[in-house]
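Working notes, beginning with the structure itself.
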């Protein structure tokens, strides 16, 4: 006797797939679905952490894409590589397509980009942060990092390409970052790691002229990272940091606070509750994955002193991306034992407001009118599209 498709999905993909088969939550409305075009004879590369998607104050959508022209054997460096910034109006019309003057090394899948993130400013300008290990190229900058901060004007012209100096004098070190936030003074806040791999935690603030205004870190040991980063209305910064004690070698987690000028304002230790954190007004929300707890996955709330305010059930094995969404959160969630992933909108009580059809998603962002934009990939991760979801 044949098993039903729904029963097979539950067996293969666990709780996340089971959640997808229930009559609730509803599916969202699709308000935009456009293909992201690669250059001629090139393939898009979906490798790397999130950060390539941003939404402007007018609803414009910005995507930093990496593409390459494969070598004949797929092992040697690609025949060519490009990093482009694509900008679209709220209605999906292309505003511009700008190729950035990247000078990093090229590997089999394009530029050896360890960090690639885009930020949209209130002015209509944009910035792209790119860091490459650049260890496999015979250029003058060989065997050292190449990190550049590009500023692009509202018409898509590259205004500047400023070299970003290393965070510390460490041989072979480069940035691997995943948080890219605009600040009220038209600056850029970045967080993640710095090092030769493994990494120390690091946070950097850059002004409107692409100069580094201040930095925090690198941390005392490794492996470390920044798991949450937020620019507050008063210009201050709050972050979730995991670091390693230099003497003890033990992992330590804290909510760290910085003034607008980078002055440390203390930190509050707490015991780890997940690895996806986002700041909502008054508290942090954390998603706890199935492999981080002997219990079921969940959402936890904690204040900026590290005190746990509450917990809620969360019916998904993994949370790969978590962002603030009004009084709740939006997330890319996946099953632990299968390829299925979804974009979801939820309350901090864990109740799912809507859930997208299954797919491969690498990034999400919120629009000014409360919709959720996602970068959706084909199964082979060689083509992608922009999909925007609204409430049912």
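In our numbering, the protein residues as written are 67 to 458. Here a beta-carbon is modelled for each residue, glycine too, at the ideal position from N, C-alpha and C.
Three-pair Cβ contact test at 8 angstroms for the segment 116-128 versus the segment 177-194: By the Cβ criterion, the segment 116-128 is in contact with the segment 177-194, since at least three pairs of Cβ atoms, one from each stretch, lie closer than 8 angstroms.
For residue 343, the residue or residues it bridges with in DSSP: According to DSSP, which records beta bridges pairwise, residue 343 is partnered with 352.
Where the beta strand (DSSP E) through residue 180 begins and ends: Segment 179-186, the beta strand (DSSP E) holding residue 180.
Among 214, 223, 438 and 218, the one whose alpha carbon lies nearest that of residue 229: Nearest C-alpha to residue 229 among 214, 223, 438 and 218: 214.
Touching by the beta-carbon criterion (3+ pairs, under 8 angstroms), the segment 299-307 and the segment 259-266: Short answer: they don't touch.
Beta-bridge partners of residue 451, as assigned by DSSP: When DSSP reads this structure, residue 451 sits in a beta bridge with 101 and 442.
Exposed unless 16 or more other CB atoms sit within 10 angstroms - verdict on residue 123: It is exposed - the Cβ of residue 123 has fewer than 16 other Cβ atoms within 10 Å.
Three-way DSSP call (helix, strand, coil) for residue 169 in this model: Residue 169 falls in the coil class under three-state DSSP.
When 367, 452 and 379 are compared against residue 155, the one with the closest alpha-carbon: Taking only the C-alpha atoms, the option nearest residue 155 is 452.
Same chain, Cβ closer than 8 angstroms to residue 107, neighbours up to 5 away in sequence not counted: Same-chain partners within the cutoff: 135.
Closest residue to residue 289 among 360, 310 and 296 (Cα-Cα distance): The shortest C-alpha separation from residue 289 is found at 310.
Pair within 7 angstroms by beta-carbon distance, residue 351 and residue 409: Not closer than 7 angstroms, so no.
Span of the beta strand (DSSP E), counted from its first residue to its last, around residue 467: Since the first residue of the chain shown is 67 and the last is 458, residue 467 is not available in this structure.
Nearest neighbour of residue 172, chosen from 157, 160, 142 and 226 [CA to CA]: Nearest of 157, 160, 142 and 226 to residue 172, Cα basis: 142.
Cβ-Cβ distance between residue 391 and residue 432 below 7 angstroms: For residue 391 and residue 432, yes; Cβs fall inside 7 angstroms.
Identity of the residues DSSP links to residue 379 by a beta bridge: 364.
CB of residue 284 within 7 angstroms of CB of residue 312, strictly: Their beta carbons are not under 7 angstroms apart, which means residue 284 does not touch residue 312 by this criterion.
Minimum C-alpha distance to residue 217 - residue among 273, 231 and 241: The residue among 273, 231 and 241 with its C-alpha nearest the C-alpha of residue 217 is 273.
Close beta carbons around residue 202, own chain, < 8 angstroms, minus the five adjacent residues each side: Residue confidence for residue 202 is low, a pLDDT of 47 falling below 50, so the modelled location carries little weight; the figure read from the coordinates is stated next. A distance below 8 angstroms between beta-carbons, with the five flanking residues on each side excluded, links residue 202 to the following residues of its chain, in chain order: 143, 171, 173 and 178.
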